[in-house]
Amino acid sequence: MSSKYPRSVRCCLPLWALTLEAALILLFFFFTYCDASLEDQKGLVASYQVCQDLTVMAVLGLGFFTSNLRRNSWSSVAFNLVLLALGVQWAILLDVFLSQFSPEKVVIKLLSIRLATRSTMSMLISMNAVLGKVNLVQLVVMELVELTAGTMRIVINSIFKVDYRMNMMHIHVFAAYFGLTVAWCLPKPLPKGTEDKYQAATSPSLFAMLGTLFLWMFWPSFNSALLIDPIERKNAVFNTYYALAVSAVTAISVSSLAHPRGKINMTYMHNAALAGGVAVSASCHEIHSPWIAMVLGLVAGLISIGGAKCLPFPHLAVGF
Numbered sequence: 001m002s003s004k005y006p007r008s009v010r011c012c013l014p015l016w017a018l019t020l021e022a023a024l025i026l027l028f029f030f031f032t033y034c035d036a037s038l039e040d041q042k043g044l045v046a047s048y049q050v051c052q053d054l055t056v057m058a059v060l061g062l063g064f065f066t067s068n069l070r071r072n073s074w075s076s077v078a079f080n081l082v083l084l085a086l087g088v089q090w091a092i093l094l095d096v097f098l099s100q101f102s103p104e105k106v107v108i109k110l111l112s113i114r115l116a117t118r119s120t121m122s123m124l125i126s127m128n129a130v131l132g133k134v135n136l137v138q139l140v141v142m143e144l145v146e147l148t149a150g151t152m153r154i155v156i157n158s159i160f161k162v163d164y165r166m167n168m169m170h171i172h173v174f175a176a177y178f179g180l181t182v183a184w185c186l187p188k189p190l191p192k193g194t195e196d197k198y199q200a201a202t203s204p205s206l207f208a209m210l211g212t213l214f215l216w217m218f219w220p221s222f223n224s225a226l227l228i229d230p231i232e233r234k235n236a237v238f239n240t241y242y243a244l245a246v247s248a249v250t251a252i253s254v255s256s257l258a259h260p261r262g263k264i265n266m267t268y269m270h271n272a273a274l275a276g277g278v279a280v281s282a283s284c285h286e287i288h289s290p291w292i293a294m295v296l297g298l299v300a301g302l303i304s305i306g307g308a309k310c311l312p313f314p315h316l317a318v319g320f
């Protein structure tokens, strides 16, 4: 679908993005350098595997997750990639300036990219609340503000000695409320026919389900990305998988029960299949019995389907 913006505005959007990218390059040139030490190379394989899992979740999972929305399928994928690329760069610089600032150049490790990718995913979640209502420049401004606020939150948590593992749950809560706040603050009312805009089309729904499957597969890596202790990481992976498995079964079963003809509602699948992974994100490393994670996955799936059934717009009932 062609853009409705005037030609002058369409020309300014890419120029503004290129100017921002040039500014980021200069900041990297003056304030950062890469770590080439032997110690960093030893943990490269394990660290890169987690980083790669997060990237797949961000690019394919979140990119295709809302591609089933009519008239927003291409915007979902394209904007997601642009925001991820810019967001990772900005999140790394925020960590340099706010967390480990020094008069000399600051070293960047693979861990920095992993943490930056995870922080940027909060913006990609928030984007779903305003998708189709704002343009790319507004999304970039929203991203810069949200990532800055998120980094400040992490700095404040470290000052008050809040357990760093609690950040695994904060990312979902912060992203959800930030996105809803931005959507609420938008002054322009929704135009007539907006409900039709958010209806799902059949073919793009397949791609949206593909995004859900990618998120489902790599969510254990997401929940264990910040954990250092091997036992805690193992518990996080196991319990996340148990919760995801139960929430997926719940999504399929309850979706079929709720339909008059016993068919599976794909909207419920998008919402509830991932609910278990979100429900255990803050406590997955502390759960020592599989049944606890499974019960949490069951309850989260039921709540997610209930929200999707009650909300007027299905696209607002995103499970995470």
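With the first letter of the sequence shown counted as 1, position 60 gets the number 60 in full-length UniProt numbering; the numbers rise by one all the way through. Glycine included, every Cβ here is placed at the ideal spot set by N, Cα and C. Predicted model only: the values in this text are computed from it and were never measured.
Would you call the region 73 to 90 and the region 228 to 238 in contact, with 3 or more CB pairs under 8 Å?
Inter-segment contact for the region 73 to 90 and the region 228 to 238 is absent: fewer than three beta-carbon pairs are separated by less than 8 Å.
How about T66 and L136: do their beta carbons lie closer than 8 Å?
The residue labelled residue 66 in the question sits at position 66 within the sequence shown. The residue labelled residue 136 in the question sits at position 136 within the sequence shown. No.
R261 classed as buried or exposed, judged by whether at least 16 other C-beta atoms fall within 10 angstroms
On the sequence shown, residue 261 is found 261 positions in, with the first residue counted as 1. Taking every protein chain shown into account, the CB of R261 has fewer than 16 other CB atoms within 10 angstroms, so this residue is exposed.
Which residue marks the beginning of the beta strand (DSSP E) containing V130, and which one marks its end?
Taking the sequence shown and counting its residues from 1, the one referred to as residue 130 is at position 130. No beta strand (DSSP E) contains V130, which DSSP labels as neither H nor E.
Classify T250 as helix, strand or coil using the three-state DSSP reduction.
Position 250 of the sequence shown, counted from the start, is the residue given in the question as residue 250. T250 falls in the helix class under three-state DSSP.
Bounding residues of the alpha helix (DSSP H) (the contiguous stretch that carries V295):
Position 295 of the sequence shown, counting from 1, holds the residue named residue 295. Per DSSP, V295 is one residue of the alpha helix (DSSP H) stretching across P290 to C310.
Hey, out of C310, L215 and A225, whose CA is closest to L62's CA?
Within the sequence shown, the letter at position 62 stands for residue 62. Residue L215 is the option with its Cα nearest to L62.
Going by DSSP in three states, V107 sits in which element: helix, strand or coil?
Position 107 of the sequence shown, counted from the first residue, corresponds to residue 107. Strand at V107.
So, does the region 254 to 271 touch the region 283 to 300, judging by three or more C-beta pairs under 8 Å?
Output reads no: the region 283 to 300 does not touch the region 254 to 271.
Whether A243 touches G276 by CB criterion (8 Å):
Taking the sequence shown and counting its residues from 1, the one referred to as residue 243 is at position 243. Taking the sequence shown and counting its residues from 1, the one referred to as residue 276 is at position 276. Yes, Cβ-Cβ distance for A243 and G276 is below 8 Å.
Give the secondary structure of C284 by DSSP, where H, G and I count as helix, E and B as strand, and everything else as coil.
Taking the first residue of the sequence shown as position 1, residue 284 is located at position 284. DSSP places C284 in coil when its eight states are reduced to three.
On the three-state DSSP scale, how would you describe T66?
Residue numbering aside, residue 66 sits at position 66 when the sequence shown is read from its first letter. Note: T66 maps to coil in three-state DSSP.
How far does the alpha helix (DSSP H) with N80 in it reach, from first residue to last?
For the purposes of this step, residue 80 is identified with residue 80 of the sequence shown, where counting begins at 1. Segment S73 to L94, the alpha helix (DSSP H) holding N80.
Run of the alpha helix (DSSP H) containing L275, from where it starts to where it stops:
As a first step, residue 275 must be located in the sequence shown, where it is residue number 275. Note on residue identity: the sequence assigns Ala, not Leu, to residue 275. First-last of the alpha helix (DSSP H) with A275: A275 to A279.
Classify P14: buried if its beta carbon has 16 or more other beta carbons within 10 angstroms, exposed otherwise.
Residue mapping note: residue 14 aligns to position 14 of the sequence shown, counting from 1. P14 should be labelled exposed.
Pick from G306, L227, I305 and F222: whose alpha carbon is nearest that of T55?
Taking the first residue of the sequence shown as position 1, residue 55 is located at position 55. Distance from the Cα of T55 is smallest, within the candidate group G306, L227, I305 and F222, for F222.
CA-CA distance, A91 and A116?
Position 91 of the sequence shown holds residue 91. Position 116 of the sequence shown holds residue 116. Spanning the two alpha carbons is a distance of roughly 5 Å.
Inter-residue Cα distance where the pair is A245 and A225
Within the sequence shown, numbered from 1, the residue matching residue 245 stands at position 245. Within the sequence shown, numbered from 1, the residue matching residue 225 stands at position 225. Taking the CA atoms as reference points, A245 sits about 20 Å from A225.
Using DSSP bridges, identify the partner residues of T32.
As a working mapping, residue 32 is identified with position 32 in the sequence shown. Answer is V106.
Residue interval of the alpha helix (DSSP H) (run including residue 338)
Nothing in the structure corresponds to residue 338, since the chain is present only between 1 and 320.
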